[in-house]
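Have a look at this one:
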């Protein structure tokens, strides 16, 4: 029986434990879920969420168990669009939607091992280092556009365009199309993590995703004919030491889509939240003047607020977590946001502490075999963005404000974050 069939045939249970106080789509819970998650870890660490039809898992040790046991907790079939395809919308042959099934994050076992071994070289630090000067140019170009104003929206004027232009660069897409990446990524995330939308909105978003597929397909066909110095071309050249079948065009398309979807929102959130924390924790001047501390601050930001609230797995066989029996076919929502503040793992977890001993034990980039393949790129982009902001806007301030978030249960992103700085200093444009 396929994984999808197992999910559909999962029997109804009458003894599913509940924690009704928490809803990952409620605006207040999206903005600040941590007090409720702390209660859940104590009172009901695994509970059923009827609004999403999945079990929520909150404790660090349970989540590590999920990561370390892919034979019980599968990725295949876990990442599906929550919004059905509207009647009359035709999915073209070869299009990976609605499941992006050939993406590396949606595979297990030998299929996952093969895909990852073929793609890993494209994301090695040495390969990504070749793009550093161009990534720095992108950051400085963005800052040039608002540096004289003394204020900006960190999200829309810097973090979002930095993320999409960066991933367009490394994948080899024209920079002029980066804004379309932002739109397509939003459509992808909304369809996957924002259920119960109107039919008209669903039609608009699904139509956009089909356009995205057609765009990526044309790009892959072009690179087959004329390779370039980019990661798309890298994916078409199997490593000489890998005795496995090379990636097919459909696999490359599915994984490019997954890279873009996973690598734009997350990196933009990472940049934005790190700057917010540098100010709320009164570390801006200290880190600005001693950049050797920046990487540890970034890792603690990943633990403290993170970029992905949680992800899904499918239960392949009956199992148990924290005393809760979970039947085969169930969908799990493992909450990185909760695991990373679990006092059973992290001492004084509610304190932002870049010097903590277990700094790199967070699960912000998942874990086990499915540790995020794009993590080196996310860290590199974010470090360049943060260094550029500190270099160019040394007096930057984040004024008090209520920050709203886009409501989805995977990557709720800040809508707007106002920043200010003293514009009468020597802040001349640098990119030219």
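Residue numbers (the working numbering): 165 to 596. Even glycine gets a Cβ: it sits at the ideal position worked out from N, Cα and C.
Length of the line joining the Cα atoms of residue i and residue j
| i | j | result |
| --- | --- | --- |
| residue 576 | residue 473 | 7 Å |
| residue 401 | residue 271 | 21 Å |
| residue 186 | residue 408 | 46 Å |
| residue 430 | residue 387 | 27 Å |
| residue 330 | residue 535 | 21 Å |
| residue 561 | residue 449 | 10 Å |
| residue 280 | residue 268 | 6 Å |
| residue 537 | residue 497 | 20 Å |
| residue 362 | residue 257 | 26 Å |
| residue 488 | residue 360 | 28 Å |
| residue 314 | residue 583 | 8 Å |
| residue 564 | residue 516 | 19 Å |
| residue 495 | residue 332 | 33 Å |
| residue 304 | residue 349 | 24 Å |
| residue 166 | residue 459 | Low local confidence applies: a pLDDT of 44 at residue 166 is under 50, so the model's placement there is unreliable, with the coordinate-based value given in what follows. Going by the C-alpha atoms only, they are around 43 Å apart. |
| residue 511 | residue 416 | 42 Å |
| residue 214 | residue 246 | 14 Å |
| residue 174 | residue 229 | Per-residue confidence for residue 174 stands at a pLDDT of 48, beneath the threshold of 50, marking its modelled position as unreliable; no derived number is given. |
| residue 355 | residue 182 | 26 Å |
| residue 326 | residue 438 | 15 Å |
| residue 514 | residue 469 | 10 Å |
| residue 344 | residue 189 | 26 Å |
| residue 216 | residue 184 | 12 Å |
Three-state secondary structure (DSSP) of residue i
| i | result |
| --- | --- |
| residue 263 | coil |
| residue 346 | helix |
| residue 587 | coil |
| residue 532 | helix |
| residue 466 | helix |
| residue 236 | coil |
| residue 578 | strand |
| residue 317 | strand |
| residue 484 | strand |
| residue 279 | helix |
| residue 393 | coil |
| residue 304 | helix |
| residue 384 | helix |
| residue 289 | helix |
| residue 202 | helix |
| residue 442 | helix |
| residue 354 | helix |
| residue 180 | coil |
Contact check, residue i vs residue j, beta carbons under 8 Å
| i | j | result |
| --- | --- | --- |
| residue 227 | residue 374 | no |
| residue 580 | residue 317 | yes |
| residue 366 | residue 574 | no |
| residue 414 | residue 207 | no |
| residue 611 | residue 399 | Examination of residue 611 is not possible in this model, given that the chain is present from 165 through 596 alone. |
| residue 435 | residue 297 | no |
| residue 500 | residue 528 | yes |
| residue 323 | residue 432 | yes |
| residue 467 | residue 526 | yes |
| residue 335 | residue 244 | no |
| residue 372 | residue 392 | no |
| residue 552 | residue 347 | no |
| residue 328 | residue 342 | yes |
| residue 198 | residue 440 | no |
| residue 236 | residue 481 | yes |
| residue 587 | residue 224 | no |
| residue 210 | residue 486 | yes |
Identity of the residue in the options nearest residue i by Cα
| i | options | result |
| --- | --- | --- |
| residue 540 | 478, 295, 314, 499 | 295 |
| residue 321 | 202, 392, 549, 487 | 549 |
| residue 128 | 563, 586, 463, 553 | A query on residue 128 cannot be resolved here, the shown segment of the chain reaching from 165 to 596 and no further. |
| residue 425 | 528, 587, 377, 278 | 377 |
| residue 502 | 492, 521, 471, 481 | 471 |
| residue 422 | 469, 392, 372, 353 | 353 |
| residue 411 | 477, 390, 278 | 278 |
| residue 337 | 558, 438, 385 | 385 |
| residue 519 | 261, 275, 457 | 457 |
| residue 232 | 273, 182, 201, 260 | 273 |
| residue 452 | 440, 391, 554, 397 | 554 |
| residue 212 | 235, 224, 179 | 179 |
| residue 559 | 578, 585, 544 | 585 |
| residue 479 | 508, 533, 238 | 238 |
| residue 263 | 419, 438, 454 | 419 |
| residue 403 | 428, 484, 284 | 284 |
| residue 380 | 275, 368, 397 | 397 |
| residue 302 | 196, 339, 282 | 339 |
Any chain B beta carbon closer than 8 Å to residue i
| i | result |
| --- | --- |
| residue 526 | The structure shown has no chain B; it contains just one protein chain. |
Proximity test, residue i beta-carbon vs the ligand PLP heavy atom, cut-off 7 Å
| i | result |
| --- | --- |
| residue 187 | Because no ligand of any kind appears in the structure shown, any question about the ligand PLP cannot be addressed here. |
Practice item. Assess, as a yes-or-no matter, whether the region 209-223 is touched by the region 250-262 under the definition of 3 or more beta carbon pairs within less than 8 Å. Key: Output reads no: the region 209-223 does not touch the region 250-262.
Practice item. Tell me, please, whether the region 300-309 touches the region 566-574 by the rule of three or more beta-carbon pairs shorter than 8 Å. Key: Result no; under three Cβ-Cβ pairs closer than 8 Å.
Exercise for review: State whether the region 279-292 contacts the region 435-446, with contact taken as three or more CB pairs (one from each stretch) at a distance under 8 Å.
Suggested key: Contact fails: fewer than three Cβ-Cβ distances are below 8 Å.
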